[in-house]
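**Q**
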Amino acid sequence: DDTNLRPDDALIVVAKTEEDFAALEVMVYEESTGNLFVHHDIPLPSYPLCLSHGTINSEGGAGNYVAVGTFSPGIEIWNADVLNILEPSVILGGEDTSEADAQWQKSLGGKGKGGGRRSARPSMNSRNGLRNGSHTDAVMSLSWNTIHRQVVASGSADKTVKLWDVTKADDATGGVAATFSHHTDKVQSTAWHPTEGTILATGSYDRTVALVDARVENSSKKVKIPADCESIAWDPHQPHLLSAASEDGTVSCWDVRKFVSGSTYWSFVAHEFGGCSDISYNPNIPGMLATCAVDKTVALWDTQNAGNGTNPITCGSKDMNSGKLYSLSFYKSSPWLLGCGGSGNQLALWNLYSEQVFRSRFGDRLGADAAQQQATENLDGTNGGAGEQDFEAMMAANDNASNEVKQKTTGKKKKGKGKSKKGKAHKKR
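My numbering applies: residue 40 is where the sequence shown begins, and numbers increase by one.
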């Protein structure tokens, strides 16, 4: 009976590591009873650093898939709907195994393996034993595009950001759609804009946060931050606002319509005694921001009236008894449920509704935003707010303005196809 899922079950994917073992755990939380248990697990061949959930597989079919970045340069995509799965549905980049696969198929009389990865892989002109287009170092961040659902963005310790089309993983390109090299150090964070499917934010250990228009080469715009970037997040209720957490405990926010100015919309120290390792906005309650840190605490903030010299209001914090915290996230289908994980190697959940202080401050915002939230989550990428700017047009306009100044020329751009956080992939000196 534990394998049967109910409509009100909360499903949570967790990456766990033991001394010599790593796995994905698909956990079930029953809000009505408080029960939390592992539904099934998936052994991993390498220690995970980042996860991202998507709904499209390499065949273009729908389902629940988890992209996993590890200390290896490849990105594994696992089918979370299948129990006792033995291998990933597809691997983006990583070691070139085409010759070994061909020999195995030959020994089987030319028959495919069936049930796992595609059995036929073309030669990919690999270099250094890696598939064409692969990262060359650990994959530290992943973001699955919710508008163009076949596209995954990855950031790596090799200082690059890559865009992948999972439906073209077996093509000669290896599925690589674009590579960006606008950072000068490891890329710790990537995040697609919630409604504009070609706008990508990235954060790096070079102490910068950047915006990239995925349709255009060399389109990045950067701002400086006070320390290494640990996490970035878009505000889903005010999608022109981008926030970043830094290693020194600072959380900064920018209005991306004025991104090139470098001025912050607001900035404050969220955790004084330990670097802020992750941030998350509540997708159901406007203005609710959560942060976590290596000081073992989760803090809640009200950002609704912040900006232009006014910082977010602190609403409370809690020691989650899960060691140093590296990742947190709100559960999208339950507005008051928050999960986090860290060095304690266990998932910690916080039901915010049980706290009177949070119900008093945020409770009246939930119903008022329901209609707007429904509109902004349309898969076609349309923005629910009639007065919101088109960010793709804004980015293109800024690029044209820059070109006029720098090159004295103008031109029209062509449109193309377009949290368990983890510890750092490499220690800094």
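The beta-carbon is built from N, C-alpha and C at its ideal position, and this holds for glycine as well.
Using DSSP with H/G/I as helix, E/B as strand and the rest coil, what is Asn-257?
**A** Asn-257 falls in the coil class under three-state DSSP.
**Q** Count the other C-beta atoms from every protein chain shown that fall within 10 angstroms of the C-beta of Arg-296, then say buried if there are 16 or more, exposed otherwise.
**A** Flag for Arg-296 reads exposed.
**Q** Taking its Cβ as the centre, do 16 or more other Cβ atoms sit within 10 Å of Pro-265, making it buried, or is it exposed?
**A** So Pro-265 ends up on the exposed side.
**Q** What is the DSSP secondary structure of Val-121, reduced to helix, strand or coil?
**A** Coil.
**Q** Taking the alpha-carbon positions, what's the Gly-536 to Leu-405 distance?
**A** The question about residue 536 has no answer here: the residues shown for the chain are numbered 40 through 468.
**Q** Do you know whose CA, among Phe-401, Val-129, Gly-380, lies nearest Arg-53's CA?
**A** For the sequence presented, residue 53 should be read as Val rather than Arg. Ranking Phe-401, Val-129, Gly-380 by Cα distance to Val-53 puts Gly-380 first.
**Q** Which one or two residues does DSSP pair with Gly-242 in a beta bridge?
**A** Partner(s): Ser-228, Val-248.
**Q** How about Ser-97 and Thr-206: do their beta carbons lie closer than 8 Å?
**A** Yes; because the gap between Cβ atoms is below 8 Å, this pair is in contact.
**Q** Report all residues from its chain with a CB closer than 7 Å to the CB of Gln-385; omit the five preceding and five following residues, and keep chain order.
**A** Excluding residues within five positions, the ones whose Cβ falls inside 7 Å are Ser-361.
**Q** Pick helix, strand or coil for Tyr-392, following the three-state DSSP scheme.
**A** DSSP places Tyr-392 in helix when its eight states are reduced to three.
**Q** Can you list, in chain order, the residues of its chain whose CB lies under 6 Å from that of Tyr-68, leaving out five sequence neighbours each side?
**A** If we look at Tyr-68 and ignore the five residues flanking it on each side, its Cβ neighbours are Ala-49, Leu-75.
**Q** In the DSSP assignment, what residue or residues form a beta bridge with Thr-289?
**A** Answer by DSSP bridge pairing, in chain order: Val-308.
**Q** Of all the options Gly-194, Ser-173, Ile-238, which has the alpha carbon lying nearest to the alpha carbon of Asp-209?
**A** Of the listed residues, the one whose Cα sits closest to Asp-209 is Ser-173.
**Q** In this structure, how does DSSP classify Phe-298 when only helix, strand and coil are distinguished?
**A** The answer is helix: DSSP assigns Phe-298 an H, G or I state.
**Q** My assumption, with CB atoms under 8 Å, is that Cys-315 sits in contact with Gly-348. Please give the rounded CB distance.
**A** That belief does not hold up - the Cβ atoms of Cys-315 and Gly-348 are roughly 21 Å apart, past 8 Å.
**Q** Work out the CA separation of Asn-257 and Gln-33 for me, nearest whole Å.
**A** An answer regarding residue 33 cannot be provided, because it is not within the stretch 40 to 468 covered by the chain.
**Q** Thr-229: buried (16+ other C-beta within 10 angstroms of its C-beta) or exposed?
**A** Buried, by the Cβ-count rule.
**Q** Whose CA, out of Gly-108, Trp-389, Asp-403, Ile-238, lies closest to the CA of Val-255?
**A** Checked all of Gly-108, Trp-389, Asp-403, Ile-238; the closest Cα to Val-255 is Ile-238.
**Q** On the three-state DSSP scale, how would you describe Thr-56?
**A** It is a strand residue.
**Q** Decide if Leu-122 is buried, meaning its Cβ has at least 16 other Cβ atoms within 10 Å, or exposed.
**A** So Leu-122 ends up on the exposed side.
**Q** Rounded to the nearest angstrom, what separates Ala-19 and Ser-300 at their Cα positions?
**A** Residue 19 lies beyond the residue range present for the chain, which begins at 40 and ends at 468; the question has no answer from this structure.
**Q** Leaving out the 5 sequence neighbours to the left and right, which residues in its chain are closer than 6 Å to Asp-334 when beta-carbon positions are compared?
**A** These residues qualify, in order along the chain: His-310, Phe-312, Gly-313.
**Q** Using only alpha-carbon positions, find the residue among Val-248, Cys-292, Pro-351, Val-178 that is nearest to Gly-133.
**A** Ranking the options by Cα distance to Gly-133, first place goes to Val-178.
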